Every structure is written in structure tokens, then in C-alpha cells.
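Student: Numbering (our numbering), first residue to last: 50 to 300.
Virtual Cβ for every residue (Gly too), placed ideally from N, Cα, C.
All values derive from a computational prediction rather than experimental measurement.
A single structure is presented below for examination.
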Amino acid sequence: MTDVRLVPCLSDNYAVLVHSGDETLLVDAPDADAIQAALAETGWTLTTILITHHHADHVKALAAVRGNAHVVGPRGEAHRIDGLDQTVADGETFSAGPFEILAVETPGHTAAPASYVMNAEGIAFTGDTLFAMGCGRLFEGDAATMWASMRKLRDVVTDETRIYCGHEYTLKNAQYAHSVLPDDAAVAERLASVEADRAEDKPTVPSVMAVEKATNPFLRADDPAVARALGMEGAAPEAVFATLREGRDTF
């Protein structure tokens, strides 16, 4: 049996613990106190740490929490992340205890981040690339690059897989999606659900890939309905995606 525990960190970050048998994975290391408290509560011992990208709010607690764990990170950002034991490239599959993990390079937010897909376990970790109802800001890539990353995740991750992203941004993302697609019933329904969860301080992570495909406008940049809603009928998906991202940046 696989146990997955979401660990709220800092103001809006998430780390995730995944446990089966003697194996305990940690995805990202934003906050040593929160992660160590979760480990103490569960009695689990870290064996593997997966780092999605180099930003400080995902790596700054790595040295404090790693112990004897084996640390894996994206090869393209290895020079910017201290303490990696193993690097992985796009399309590479590797093992951690009983888990088979696919590394997917998803540039856009940073130059070469990794998302980690475990379809057999029904879970995927998308860092700051694919958010619930959103996507990451384009700090080190352009819209075409991020759109390609979103399409790659859309193709690789199975519909039933739960998506764990790096931040609790879903309410603002949902409000933006509804502003872009005010007549989309699925988006409106999800906004209402997210509003209810956040009113009770419940996390909106994980989401599910099938739901993301239906309600995340950033995964739908090639959907004619999204282009029409933006007054961009017939435009290339990259241009639609760029307009969506620009709109979210100022929303």
C-alpha cells in the first residue's frame, strides 16, 4: 500500500511524502520544520528526495532534512542545486524502492525543471509547471516552451492520475479561468468547489489530470473554445497560451 502525505510549507508551498514499505520519498524541500514534523508524526525515515527545480523555496531545506537519503534532481539544473546524488534527463525512468518514476523535463518556469510521473501509483509531481487550474510564471522560458511542456504532461500523465503541484494557488487560478471562460459550466463548477474548500482552509492539491484537462485553460490553449473566448479564433495555440499567461500575470 502506498501512503501519500501533503506537507504544507512556508506561506503557500507544498512538499509531499510518499511511503511504501521501507521507502519514503520526499518531493521538494521548502521547509525543514514542517517536513521533520510530518516525518516525526508518521515515523517514516527519508530514503529518497526528488527535487523539481532550483528555486530556493523548493530546495532551501534540503541540507537540513536529507539525512542519509538519496537526492535526485533534474540534470539540466544540476549546476544550480547543491547536494544532488543523481541527475535525471527527460524521458529517463528510474527506481526508488518499489516505485518506478518517469522524469519529464518541463521547461518554462525555469530552464530545465523535472516533473516526476508515477502512473502506476496514480500520482505525479509537477512542481511549478502545471498547477491546479494554472501554470507557472515564465521566469526562464517563453510561452511556446511552456506550452510544449504542458502538452507533454497532458500526453504522458494518465487521466486518473493525481497531480501534486508546488503551491496553493488554485483559488486565484480558478477565478482567472472563470473570467476567461465565464460560460464554461465545468470551470464554474470547479470554481465553486475550490471556493468552498478554501473557505474551510482545505487544500485543493492534489487535483486529477482529467479534471485539469477539462478546466485548466493553460492545458486547453489548442481548444477552439478558449481561442474564441479570448477573441483569438484561428490563432496558433502558442499565441493563445501567451495571452492566457499575460492575463494571469496581471489578474
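1) Would a C-beta distance cut-off of 8 Å place residue 103 and residue 129 closer than the cut-off?
2) What separation, rounded to the nearest whole angstrom, lies between the Cα atoms of residue 221 and residue 268?
3) Considering residue 79, what are the terminal residues of the beta strand (DSSP E) in which it resides?
4) Pairing CB atoms from the stretch 155 to 175 with CB atoms from the stretch 202 to 217, are three or more of them under 8 Å?
5) How many Å lie between residue 37 and residue 95 at the Cα?
6) Are the beta-carbon atoms of residue 53 and residue 64 separated by less than 8 Å?
7) Could you spell out the range, first to last residue, of the alpha helix (DSSP H) harbouring residue 225?
8) At the level of alpha carbons, what is the spacing between residue 264 and residue 293?
9) Whose CA, out of 100, 162, 252 and 226, lies closest to the CA of residue 190?
10) Below 8 Å between beta carbons: does that hold for residue 99 and residue 132?
11) Using C-beta distances below 8 Å, list every residue in its chain close to residue 259, excluding the 5 sequence neighbours before and after it, in chain order.
Tutor: In this structure, then:
1) Locating residue 103 in the sequence shown gives position 54, where the first residue counts as 1. Locating residue 129 in the sequence shown gives position 80, where the first residue counts as 1. Cβ distance < 8 Å, so residue 103 and residue 129 count as in contact.
2) Start at 1 with the first residue of the sequence shown, and residue 221 comes out as number 172. Start at 1 with the first residue of the sequence shown, and residue 268 comes out as number 219. Taking the CA atoms as reference points, residue 221 sits about 17 Å from residue 268.
3) Against the sequence shown, residue 79 aligns to sequence position 30. That residue, residue 79, is in no beta strand (DSSP E); it is neither H nor E in DSSP.
4) Inter-segment contact for the stretch 155 to 175 and the stretch 202 to 217 is present: three or more beta-carbon pairs are separated by less than 8 Å.
5) Because residue 37 is not part of the residues shown, which for the chain are 50 to 300, the question remains open.
6) In the sequence shown, counting from the first residue as 1, residue 53 sits at position 4. In the sequence shown, counting from the first residue as 1, residue 64 sits at position 15. No, they are not a contact pair.
7) Position 176 of the sequence shown, counted from the first residue, corresponds to residue 225. Taken as a continuous stretch (DSSP letters only), the alpha helix (DSSP H) holding residue 225 covers 219 to 229.
8) In the sequence shown, residue 264 corresponds to position 215, counting from 1. In the sequence shown, residue 293 corresponds to position 244, counting from 1. Annotation: residue 264 to residue 293 spans about 14 Å, alpha carbon to alpha carbon.
9) By one-based count along the sequence shown, residue 190 stands at place 141. Among 100, 162, 252 and 226, the Cα nearest to that of residue 190 is on 162.
10) In the sequence shown, residue 99 corresponds to position 50, counting from 1. In the sequence shown, residue 132 corresponds to position 83, counting from 1. Not a contact, by the Cβ cut-off of 8 Å.
11) Counted from its first residue, the sequence shown places residue 259 at position 210. Correct list, in chain order: 208 and 209.
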